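Peer 1:
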Ligand SMILES: Nc1ncnc2c1ncn2[C@@H]1O[C@H](COP(=O)(O)OP(=O)(O)OP(=O)(O)O)[C@@H](O)[C@H]1O
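Numbering (my numbering), first residue to last: 60 to 336.
(1) Check whether the Cβ atoms of residue 263 and residue 123 sit closer than 8 Å, and answer yes or no.
(2) How far does the beta strand (DSSP E) with residue 85 in it extend, from its first residue to its last?
(3) Do you know offhand how far residue 99's Cα is from residue 79's?
(4) In chain order, what residues of the same chain lie with their CB nearer than 7 Å to the CB of residue 187, ignoring the 5 residues before and after it?
(5) Give me, in chain order, the residues of the same chain whose beta-carbon lies closer than 8 Å to that of residue 77; leave out the 5 immediate sequence neighbours on both sides.
(6) Which class does residue 134 belong to by DSSP, given the choice of helix, strand or coil?
(7) In this structure, what does DSSP give as the bridge partners for residue 155?
(8) Determine the contact status of residue 111 and residue 283, defining contact as a CB-CB distance below 8 Å.
(9) If I measure Cβ to Cβ from residue 185 and keep anything under 7 Å in the same chain, skipping five residues before and after, which residues do I get?
(10) DSSP three-state label for residue 200, please.
(11) Determine the direct distance from the alpha carbon of residue 141 to that of residue 67, and round the result to whole angstroms.
(12) Report the rounded CA-to-CA distance for residue 276 versus residue 176, giving the unit in angstroms.
(13) Could you check how far apart the C-beta atoms of residue 166 and residue 203 are, in whole angstroms? I think they sit under 8 Å.
(14) Output the boundary residues of the beta strand (DSSP E) element that contains residue 209.
(15) From what residue to what residue does the alpha helix (DSSP H) around residue 279 run?
(16) Roughly how many angstroms separate the alpha carbons of residue 193 and residue 290, rounded to a whole number?
(17) My output table needs one value for residue 333: the three-state DSSP class, helix, strand or coil.
(18) Helix, strand or coil for residue 150 per DSSP?
(19) So within the region 208-279, which uninterrupted beta strand (DSSP E) runs reach at least 3 residues, ignoring any that extend past its ends?
(20) On the criterion of 16 or more Cβ atoms from any shown chain inside 10 Å, does residue 230 qualify as buried, or is it exposed?
(21) Give me whichever residues DSSP pairs with residue 304 in a beta bridge.
(22) Below 8 Å between beta carbons: does that hold for residue 217 and residue 160?
(23) Could you give the DSSP three-state label for residue 108: helix, strand or coil?
(24) Taking all protein chains shown into account, do 16 or more other C-beta atoms lie within 10 angstroms of the C-beta of residue 212, making it buried, or fewer, making it exposed?
(25) Out of 305, 278, 311, 287, which one is the CA nearest neighbour of residue 295?
(26) Excluding sequence positions up to five away, which residues of its chain have a Cβ less than 7 Å from the Cβ of residue 116?
(27) Name the DSSP beta bridge partners of residue 292, please?
(28) Alpha carbon to alpha carbon, how far is residue 195 from residue 333?
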């Protein structure tokens, strides 16, 4: 009798885009030490949209800066595509809370800036910048200077610039925090549209204080503890894509919101030195 080997082929496991293994971060001021992050473990797959929520000062920005390579962890390891990270790289783009546009450059030249730093051919740089200016809905404003734009438009230029350099990983630190509530909602929808449209399914790590923003945008939400920040809970967001703003008004959205708020409220109380009972 022939014996056929029917052992199941081993499932090929995707290499995570980002992996934090036991990350610690301590800051020193003179002789005093401050623990910002404590044993952070997190795996993020390619193309995932992950939101990070947590009380003020719990270490969200620090985590993002370590992923970007702007800051070095005191302990633990950060792997990118399975390899130890070695500082900053063009594979990661950072979008800050305040747009950091250059006031003496118009919209087109601001969007071209990141590519110019990469010394790409000028024609290619301009064509790519125009494509993303169009994608963020600012065609016709190429020659405008930052002071001639609204806050929402400036943040869209910021997004176009971040997407233009085609980073595999987009790190966003409360990018819409300075916007009014209506503009923020429009920008959330725009971000999802651009994220879907931009080729290659970029991985996004998005820090926010807004629970509804996190639920609306993310595949998974990471809730951190009060400082020193650890991962307290990771929540899978069940809403299919593409998403519409109306999901924010559904009962399911409200239930997820309430449950996350309960988790965060405890940590906010801890961070403020209040009772958690
Ligand atoms: N360069 C630094 N030197 C010293 N302490 C720092 C430095 N950067 C951050 N910290 C401290 O580390 C802690 C975490 O800061 P971080 O900015 O990461 O928090 P956060 O969660 O992003 O806060 P927020 O939500 O208020 O923006 C804070 O207590 C902060 O004061």
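Glycine residues also receive a C-beta, built at the ideal position from the N, C-alpha and C atoms.
Bear in mind that the values here come from a model prediction, so they are computed numbers and not experimental data.
Peer 2: Taking the geometry as given:
(1) In the chain shown, counting from the first residue as 1, residue 263 sits at position 204. In the chain shown, counting from the first residue as 1, residue 123 sits at position 64. Against a cut-off of 8 Å, the Cβ pair of residue 123 and residue 263 comes out as no contact.
(2) As a first step, residue 85 is located in the chain shown; it is residue number 26 there, counting from the start. 77-88 is the span of the beta strand (DSSP E), which, as asked, contains residue 85.
(3) The residue labelled residue 99 in the question sits at position 40 within the chain shown. The residue labelled residue 79 in the question sits at position 20 within the chain shown. Rounded to the nearest angstrom, the two C-alpha atoms are 6 Å apart.
(4) Within the chain shown, numbered from 1, the residue matching residue 187 stands at position 128. Excluding sequence neighbours, residue 187 sits near 174, 223.
(5) Stepping through the chain shown from its first residue, residue 77 is reached at position 18. The answer, listed in chain order, is 101, 102, 103, 126, 137, 138, 139, 228, 262, 264.
(6) As a first step, residue 134 must be located in the chain shown, where it is residue number 75. Residue state, collapsed to three classes: strand.
(7) Taking the chain shown and counting its residues from 1, one reaches residue 155 at position 96. DSSP lists no partner for residue 155.
(8) As a working mapping, residue 111 is identified with position 52 in the chain shown. As a working mapping, residue 283 is identified with position 224 in the chain shown. Their beta carbons are under 8 Å apart, which means residue 111 touches residue 283 by this criterion.
(9) As a working note, residue 185 is residue 126 in the chain shown. Scanning its chain for C-beta atoms nearer than 7 Å, with the 5 sequence neighbours on each side dropped, one finds around residue 185 the residues 171, in chain order.
(10) Here residue 200 is taken as the residue at index 141 of the chain shown, counted from 1. Here residue 200 sits in coil by DSSP.
(11) The residue given as residue 67 occupies position 8 in the chain shown. The residue given as residue 141 occupies position 82 in the chain shown. Annotation note: pLDDT 43 at residue 67 (below 50); position unreliable, no value reported.
(12) Looking up residue 276 in the chain shown gives position 217. Looking up residue 176 in the chain shown gives position 117. Cα-Cα distance, rounded: 30 Å.
(13) Within the chain shown, the letter at position 107 stands for residue 166. Within the chain shown, the letter at position 144 stands for residue 203. Rounded, the Cβ-Cβ distance is 5 Å, consistent with contact.
(14) Translated into positions along the chain shown, residue 209 becomes position 150. Taken as a continuous stretch (DSSP letters only), residue 209 belongs to no beta strand (DSSP E), as it is neither H nor E.
(15) Within the chain shown, numbered from 1, the residue matching residue 279 stands at position 220. For residue 279, there is no enclosing alpha helix (DSSP H); the enclosing beta strand (DSSP E) has its first and last residue at 279-283.
(16) Looking up residue 193 in the chain shown gives position 134. Looking up residue 290 in the chain shown gives position 231. Whole-angstrom Cα-Cα distance: 38 Å.
(17) The count along the chain shown starts at 1 and reaches residue 333 at position 274. Three-state DSSP puts residue 333 in coil, outside helix and strand.
(18) Walking along the chain shown from the start, residue 150 turns up at place 91. Coil at residue 150, not helix or strand.
(19) 228-232, 262-266
(20) Within the chain shown, numbered from 1, the residue matching residue 230 stands at position 171. Around the C-beta of residue 230, 16 or more other C-beta atoms lie within 10 Å, and the residue is accordingly described as buried.
(21) Here the question's residue 304 lines up with position 245 in the chain shown. DSSP lists no partner for residue 304.
(22) In the chain shown, counting from the first residue as 1, residue 217 sits at position 158. In the chain shown, counting from the first residue as 1, residue 160 sits at position 101. Yes, they are a contact pair.
(23) Looking up residue 108 in the chain shown gives position 49. The answer is strand: DSSP assigns residue 108 an E or B state.
(24) Here the question's residue 212 lines up with position 153 in the chain shown. Residue 212 should be labelled buried.
(25) Along the chain shown, one-based indexing puts residue 295 at 236. Of 305, 278, 311, 287, the residue nearest in Cα terms is 278.
(26) Locating residue 116 in the chain shown gives position 57, counting from the first residue. These residues qualify, in order along the chain: 286, 330.
(27) Working through the chain shown from its first residue, we reach residue 292 at position 233. According to DSSP, residue 292 bridges with 282.
(28) Here residue 195 refers to the residue found at position 136 when the chain shown is read from its first residue. Here residue 333 refers to the residue found at position 274 when the chain shown is read from its first residue. Their backbone Cα atoms lie some 43 Å apart in a straight line.
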